[in-house]
Amino acid sequence: MKKKTTAIAAGVAIAALAVATWASPHWQLYRMHAAVEARDVQSLSGYVDFPKLRESVKVQVMRRLGADGALAQPRSNPFAAFGRAMALAAIDPVVDAAVSPRGVMAMLEAGDIRVQPKPDGPPPAASDAPREKRNYDLSYRSWKQVVVERAEGGGVAFLLDRHGLWSWKLAGVELREE
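At the far end of the sequence shown sits residue 424, using the working numbering, and the numbering has no gaps.
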């Protein structure tokens with residue numbers, strides 16, 4: 247009888263651990279949403295891996311510019327090479343402005359990447375006007391990464407990386423075709 251009780255208790259504990267592990271990105275997304283709703287930049291910053299996110303945004307922007315042809319000019323044209331160098335030099339400050347604590351809050355509110363005109367200014371006042379409710383889908387890409395994207399598609403997909411067993415941080419984006 248004692249072995250059966252121990253086996254049942256162990257089974258319940260393993261099942262609870264598995265459910266908690268599976269649900270942890272959902273809980274993290276809820277906490278991030280609550281920080282955005284409360285406009286709590288400090289709390290939201292704790293849920294973001296800024297160096298990884300900046301690098302991800304830079305890669306996506308460079309890929310998008312290259313795909314559009316802006317950076318894929320023939321090498322024989324010296325002006326094209328100069329324009330390419332200027333575009334690459336301009337990406338860093340733009341990404342740094344967009345991937346700031348307030349910039350990330352704006353991205354999560356909009357479900358898209360936008361550059362804040364004054365990243366160091368005071369946070370926008372919370373308005374009484376109802377904001378548009380966005381629905382997001384969360385799916386596991388691997389044990390260490392989940393993808394959060396708009397249910398209606400388009401915009402940007404947010405990538406959360408696992409930090410420890412139950413903690414997740416926003417660490418990347420994927421620009422989607424509209």
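The beta carbon of each residue, even a glycine, is placed where N, CA and C say it ideally should be.
Assign Asp407 to one of two classes, buried (16 or more other C-beta atoms within 10 Å of its C-beta) or exposed (fewer than that). buried
In this structure, what does DSSP give as the bridge partners for Tyr452? In the structure displayed, the chain extends from 247 to 424; residue 452 sits before or after that span and is not available.
When we look at the beta-carbon of Ala390 and count the other beta-carbons within 10 Å, is it buried (16 or more) or exposed? Strictly speaking, residue 390 in this sequence is Lys, with Ala absent from that position. Counting Cβ neighbours within 10 Å, Lys390 comes out exposed, since fewer than 16 surround it.
Just list the residues that DSSP pairs Gly418 with in beta bridges. Leu405
Note down the Cα distance separating Gln274 from Leu263, rounded to an integer number of angstroms. 16 Å
Quick one: is Ala372 buried, meaning 16 or more other Cβ sit within 10 Å of its Cβ, or exposed? With a pLDDT of 49 at Ala372, under the threshold of 50, the modelled position of this residue cannot be trusted; read the value that follows with caution. Flag for Ala372 reads exposed.
First through last residue of the alpha helix (DSSP H) which encompasses Ser291: 287-291
Let me know if Tyr293 comes out buried or exposed under the rule of 16 or more other beta-carbons within 10 Å of its beta-carbon. buried
Leu411 classed as buried or exposed, judged by whether at least 16 other C-beta atoms fall within 10 angstroms: exposed
Mind checking Pro339: buried by the 16 CB within 10 Å criterion, or exposed? exposed
Three-way DSSP call (helix, strand, coil) for Val345 in this model: coil
Could you check where the alpha helix (DSSP H) with Lys249 kicks off and where it finishes? 248-283
Are the CB atoms of Val303 and Val350 nearer to each other than 8 Å? no
Is Gly357 buried or exposed, if buried means 16 or more other CB atoms sit within 10 Å of its CB? buried
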